[in-house]
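FYI, in the working numbering the residues of the sequence shown are 75 to 356.
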Amino acid sequence: MKLVRYGKPGKEKPGLIDDQGKLRDLSGVINDITAEQLGDAALAKLHKLKTANLPLVRGAPRLGSPVSAVSKFIAIGLNYADHAAESGLPIPKEPIVFMKATSCIQGPNDPVMLPKGSLKTDWEVELGVVIGTRARYVSQKDALNFVAGYCTINDISEREYQIERGGTWDKGKGCDTFGPLGPWLVTRDEVPKPQRLGMWLDLNGQRMQTGSTGTMIFGVAKLVSYVSQFMTLLPGDVITTGTPPGVGMGRKPPLYLKAGDIMTLGIEGLGQQRQIVVPFTR
75 MKLVRYGKPG
85 KEKPGLIDDQ
95 GKLRDLSGVI
105 NDITAEQLGD
115 AALAKLHKLK
125 TANLPLVRGA
135 PRLGSPVSAV
145 SKFIAIGLNY
155 ADHAAESGLP
165 IPKEPIVFMK
175 ATSCIQGPND
185 PVMLPKGSLK
195 TDWEVELGVV
205 IGTRARYVSQ
215 KDALNFVAGY
225 CTINDISERE
235 YQIERGGTWD
245 KGKGCDTFGP
255 LGPWLVTRDE
265 VPKPQRLGMW
275 LDLNGQRMQT
285 GSTGTMIFGV
295 AKLVSYVSQF
305 MTLLPGDVIT
315 TGTPPGVGMG
325 RKPPLYLKAG
335 DIMTLGIEGL
345 GQQRQIVVPF
355 TR
């Protein structure tokens, strides 16, 4: 099942994508796609719906983040060995965990705004994991049972803020518009093997990143279990799991985003995003 939220920012309605790829309205069934709708029982009720009876949404409305009111946006750094190599950093012995501000979350095709004075804004296609059931000290064996589903994420990063401004990575990761999610949330029953997903990102039509979740250092089950040892994961929490090589920082010479650039990216089975880069505005 592919769940979406569509409409103007702040006024999104819930929907789903049917077997023909058409958008159907769910607002007569649920008010929104929130934490309460992500547990196994709630998702099972949605699975039982006869999608052909749901209203068809005409046109091509804006898509918002497929999950509303995310309480935590957790990120994993250097989770692909070849990306660590291009960054000139050692392969981590344990997952590197940092946070992205929830205020950076936006729709998959909304513009990405350069922070004021930014010169080193970068791209990162990543697999997003959405928690469906409260998880605390869960085992790696059971971890995937706590997942509601998966989505595509562009972990936009300002490298000067992240690396050169002293201390935590969070500074360069949570700027406004730096968390495009979607286009949809694909429930875990449709992604039985999350470690076998191809992923890619193009900049202005040129391929920058090509990778697979199969080359993660720490897989999804390990990450959910690991993070749950340090904080309680709540339904609707999002974990973005690291990026394959091909980021702008790793190129020689480095290449960073500028106003007018267009990023397109996607993950196998999870849909595509498209963002135009715009200059800072208040």
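Backbone N, C-alpha and C fix where the C-beta goes; we use that ideal spot for every residue, glycine too. Bear in mind the structure is a predicted one, so any value in this text is a computation, not a measurement.
(request) Have a look at TRP197 and ALA158 and give me their C-alpha separation to the nearest angstrom. (result) 15 Å
(request) Report, in whole angstroms, the separation of the C-beta atoms of ASN183 and ARG79, which I expect to be a contact under 8 Å. (result) Between ASN183 and ARG79 the beta-carbon gap is near 13 Å, outside 8 Å, which marks them as no contact.
(request) At 3 residues or longer, and completely inside the region 212–248: list those beta strand (DSSP E) runs for me, N to C. (result) 221–228
(request) Using DSSP bridges, identify the partner residues of VAL141. (result) DSSP links VAL141 through a beta bridge to no other residue.
(request) Give the DSSP bridge partners of SER286, in chain order. (result) Within the DSSP secondary-structure output, SER286 pairs in a beta bridge with GLY272.
(message) Is the separation between the beta-carbon of TRP274 and that of GLY191 shorter than 8 Å?
(response) no
(request) Could you give the DSSP three-state label for ASP196: helix, strand or coil? (result) strand
(request) In the DSSP assignment, find the beta strand (DSSP E) that holds VAL265 and state where it starts and stops. (result) That residue, VAL265, is in no beta strand (DSSP E); it is neither H nor E in DSSP.
(request) Under 8 Å Cβ to Cβ from LYS174, same chain only, skipping five residues before and after it: list those, please. (result) PHE147, ILE148, ALA149, ASP229, ASP244, LYS247, GLY248, PHE252, GLY253, THR314
(request) Over the uninterrupted alpha helix (DSSP H) stretch that includes ALA109, give me the two end residues. (result) DSSP places ALA109 in no alpha helix (DSSP H); its state is neither H nor E.
(request) Could you pull the start and end residues of the beta strand (DSSP E) that LEU329 belongs to? (result) Segment: none, LEU329 is in no beta strand (DSSP E) and carries neither H nor E.
(message) I need the straight-line Cα distance from PHE354 to THR195, nearest angstrom please.
(response) 12 Å
(message) Please return the same chain residues whose Cβ sits closer than 6 Å to the Cβ of GLY293, not counting the five positions on each side in sequence.
(response) GLN269
(message) Here's the rule I'm using: 16 or more other beta-carbon atoms within 10 Å means buried, otherwise exposed. How should LEU130 be labelled?
(response) exposed
(request) Determine, using beta carbons only, whether ALA222 and LEU117 come nearer to each other than 8 Å. (result) yes
(message) So for THR251, helix, strand or coil by DSSP?
(response) Three-state result, THR251: coil.
(message) In the DSSP output, which residue or residues are listed as bridge partners for LYS76?
(response) ILE91, VAL260
(message) Please report the straight-line C-alpha distance between ASP92 and ALA126, rounded to a whole angstrom.
(response) For ASP92 and ALA126, the distance between alpha carbons rounds to 8 Å.
(request) Determine the direct distance from the alpha carbon of GLY138 to that of ASP99, and round the result to whole angstroms. (result) Straight through space, the alpha carbons of GLY138 and ASP99 are spaced by roughly 14 Å.
(request) Please report the residue range of the alpha helix (DSSP H) in which VAL298 lies. (result) 294–301
(message) So for ALA134, helix, strand or coil by DSSP?
(response) coil
(request) Give the secondary structure of GLY316 by DSSP, where H, G and I count as helix, E and B as strand, and everything else as coil. (result) Three-state result, GLY316: coil.
(message) I'd like to confirm the pairing. Which residues does DSSP put opposite MET305 in its beta bridges?
(response) Note: MET305 sits in no beta bridge, so no partner.
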